[in-house]
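Chains as they are written, first to last, in the working numbering: chain A, 1 to 139; chain B, 1 to 139.
Number of protein chains: 2
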Amino acid sequence: MGKAARDNSKAFQRLRGVGLRPTRQRVDLASVLFKGMDRHVTAESLHEEVTGLGLKISLATIYNTLHQFTHAGLLRQVIVDAARGYFDTNTGDHQHFFLEDEGTLIDIPGDEITVAGVPVPPAGLTVDRVDVVVRVKRA
Amino acid sequence: MGKAARDNSKAFQRLRGVGLRPTRQRVDLASVLFKGMDRHVTAESLHEEVTGLGLKISLATIYNTLHQFTHAGLLRQVIVDAARGYFDTNTGDHQHFFLEDEGTLIDIPGDEITVAGVPVPPAGLTVDRVDVVVRVKRA
DNA sequence: CAAGTAGTTTAGATTAATTCTAAACTATTG
DNA sequence: CAATAGTTTAGAATTAATCTAAACTACTTG
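Below, the structure written as structure tokens:
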């Protein structure tokens, strides 16, 4: 097994799989994002995190990469806050609690929640996605 | 009767009713916003609209007023776009179609759509609101 | 109804998130 | 291993939104 160094081969393969050139930055970001459980990040939070890990990646690249990952289907963007973009490593069918006081997201499994009665969209349009945001506050 | 001038008394009363001092700007904005059917505006779109009507209201005041109206329950803010805040004159129970290509909102009556199975929020938190956004695209 | 005052408006500066630019860099190809 | 097409980045630019503090006005009081 050699070094205790981070094993980036998974991230490398994942990038190859979606046709993204596995650059050092992208591999590092993918490693951090997809290592453990699902998570929600903002560009800023991710930048702080990787910077704290000693990785050098510019904020512009973080923004670029988050969008590229999203287009590639590796991430999903969650719109809950007018002031800040969140990205979710969970791209499956699910919804969110949004803790307005803290700016935190919590996943709600897609099979727990159901949206019924969505009307037929106006002519010429198709449903792209149905997003449910349960906004919660301190009681 | 008398002049054909805009009748602002409704707007005036509405502002009084929610405890907002009926200044010229607020009366003008309320008149424009609540005159006809329900509508969705952004600060910029509303600013352009009133400017086009020959009313002089600064953008800062538009922002202030939209928020004041929202706090007073006259408007509701809709979060669908990470880059732009929308305000809705319909404050009742309803949801939205969001036409991603055009940045347009269309109301979905609250009694047509149902969200079932919202889990109990984490301890210490209560549900403030459940928002459903049906994102639609050109077919 | 004059004048005080508390609440409002505003131009312009400021902030914050994000995107753009174009020059330097690097993974891949031939 | 050189060519090149795609990538990264610092820093400037953009955009929505907020802040500031000075000018203004609706409402109250004497």
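Glycine is no exception: its CB is placed at the ideal position from the N, C-alpha and C atoms.
As the structure is a prediction and not an experimental result, all values here were calculated from the model.
For B:Lys56, the three-state DSSP class (helix, strand or coil): The sequence position of residue 56 of chain B within the second sequence is 56, counting from 1. Coil.
Chain B contact for A:Gly124 (CB, 8 Å cutoff): In the first sequence, the residue the question calls residue 124 of chain A occupies position 124. It does: the Cβ of A:Gly124 has a partner Cβ on chain B nearer than 8 Å.
Three-pair Cβ contact test at 8 Å for the segment 58-68 of chain A versus the segment 25-41 of chain A: yes
Cβ-based burial, B:Ala123 [other Cβ within 10 Å; buried from 16]: Here residue 123 of chain B refers to the residue found at position 123 of the second sequence. Exposed is the call here.
Within chain B, partners of A:Asp128 - CB distance below 8 Å: Taking the first residue of the first sequence as 1, we reach residue 128 of chain A at position 128. Residues of chain B passing the Cβ test: Glu100, Arg135, Val136 and Lys137.
Where the alpha helix (DSSP H) containing A:Lys35 begins and where it ends: Stepping through the first sequence from its first residue, residue 35 of chain A is reached at position 35. Taken as a continuous stretch (DSSP letters only), A:Lys35 belongs to no alpha helix (DSSP H), as it is neither H nor E.
Three-pair Cβ contact test at 8 Å for the segment 102-114 of chain B versus the segment 100-109 of chain A: Contact fails between the segment 102-114 of chain B and the segment 100-109 of chain A, because fewer than three Cβ pairs, one in each stretch, are under 8 Å apart.
Interface residues of chain A facing B:Phe69 [CB-CB closer than 9 Å]: Here residue 69 of chain B is taken as the residue at index 69 of the second sequence, counted from 1. Chain A residues near B:Phe69: none, gap ~16 Å exceeds 9 Å.
Chain-order list of residues whose beta-carbon lies under 7 Å from that of A:Leu20 (same chain, five-residue window excluded): Taking the first residue of the first sequence as position 1, residue 20 of chain A is located at position 20. The residues are Arg26, Gln68 and Ala72.
Min CB distance B:Ile62 to chain A below 8 Å: Position 62 of the second sequence holds residue 62 of chain B. False, the Cβ-Cβ gap to chain A never drops below 8 Å.
Per-residue contacts from A:Gly117 into chain B (C-beta, under 7 Å): For the purposes of this step, residue 117 of chain A is identified with residue 117 of the first sequence, where counting begins at 1. What A:Gly117 touches in chain B: Glu112, Ile113 and Thr114.
Reduced DSSP category for A:Arg14 - H, G, I as helix; E, B as strand; rest coil: Indexing the first sequence from 1 puts residue 14 of chain A at position 14. Note: A:Arg14 maps to helix in three-state DSSP.
Coil, strand or helix - B:Arg129 by DSSP: Sequence index remark: in the second sequence, residue 129 of chain B carries index 129 (1-based). Three-state DSSP puts B:Arg129 in a strand.
Length of the line joining the Cα atoms of A:Thr114 and B:Val120: Position 114 of the first sequence holds residue 114 of chain A. Position 120 of the second sequence holds residue 120 of chain B. A:Thr114 and B:Val120: Cα-Cα distance of roughly 14 Å.
Any chain B beta carbon closer than 8 Å to A:Val80: By 1-based counting over the first sequence, the position of residue 80 of chain A is 80. Yes, contact with chain B.
Distance, A:Lys10 Cα to A:Thr42 Cα: Sequence index remark: in the first sequence, residue 42 of chain A carries index 42 (1-based). Sequence index remark: in the first sequence, residue 10 of chain A carries index 10 (1-based). A:Thr42 and A:Lys10 have their C-alpha atoms roughly 23 Å apart.
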